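Step one of this worksheet: look at the structure below.
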Amino acid sequence: MSIEILDPTHEDDSRAFAPATRLATLAGATVGIVSNGKKGTKPFFDAVERELVERHGVAKVVRLTKANYSAPADPEVINEAERWQALIAGVGD
Numbered sequence: 534m535s536i537e538i539l540d541p542t543h544e545d546d547s548r549a550f551a552p553a554t555r556l557a558t559l560a561g562a563t564v565g566i567v568s569n570g571k572k573g574t575k576p577f578f579d580a581v582e583r584e585l586v587e588r589h590g591v592a593k594v595v596r597l598t599k600a601n602y603s604a605p606a607d608p609e610v611i612n613e614a615e616r617w618q619a620l621i622a623g624v625g626d
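Residues in the sequence shown are numbered from 534 upward in steps of one, following our numbering.
Given below as structure tokens:
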């Protein structure tokens, strides 16, 4: 029996990647929260949502759950996310 070791690093040139511009403020923004669907995310994201609205003036929080916690988000989730000013993705157990 042999063991194959995989390298998890991204193989493409990542120098062209640039992170999104940071928002000056969250006040009045729509923020999406995408959960992996595991049980532990709900109470955590409940608290995050409260903080976003009460402390940062977020106008709207949209919460979606991925269909499969180990797979990328479905195209519908990606399309919806394009309407948000910020996104939080989370993993919980």
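Glycine is no exception: its CB is placed at the ideal position from the N, C-alpha and C atoms. As the structure is a computational prediction, the values presented were derived from the model and not from experiment.
Which partner residues does residue i have in the DSSP bridge list?
{"i": "V595", "result": "G565"}
Check whether the Cβ atoms of residue i and residue j lie closer than 8 Å to each other.
{"i": "G573", "j": "D540", "result": "no"}
{"i": "I536", "j": "I621", "result": "no"}
{"i": "V594", "j": "L585", "result": "yes"}
{"i": "V564", "j": "A619", "result": "yes"}
Between the Cα of residue i and those of the options, spot the shortest distance and give me the residue it belongs to.
{"i": "G570", "options": "R583, A600, N612", "result": "A600"}
{"i": "D607", "options": "A580, S568, I538, E582", "result": "S568"}
Over what stretch of residues does the alpha helix (DSSP H) that includes residue i continue unbroken?
{"i": "A619", "result": "Per DSSP, A619 belongs to no alpha helix (DSSP H); it is in the beta strand (DSSP E), 619-623."}
{"i": "H543", "result": "Careful: H543 lies outside any alpha helix (DSSP H) and carries neither H nor E."}
{"i": "P576", "result": "574-589"}
{"i": "E537", "result": "No alpha helix (DSSP H) contains E537, which DSSP labels as neither H nor E."}
If you pair each beta-carbon of the region 549-568 with each one of the region 586-606, do three or more pairs fall below 8 Å?
-> By the Cβ rule, the region 549-568 counts as touching the region 586-606, because three or more pairs are nearer than 8 Å.
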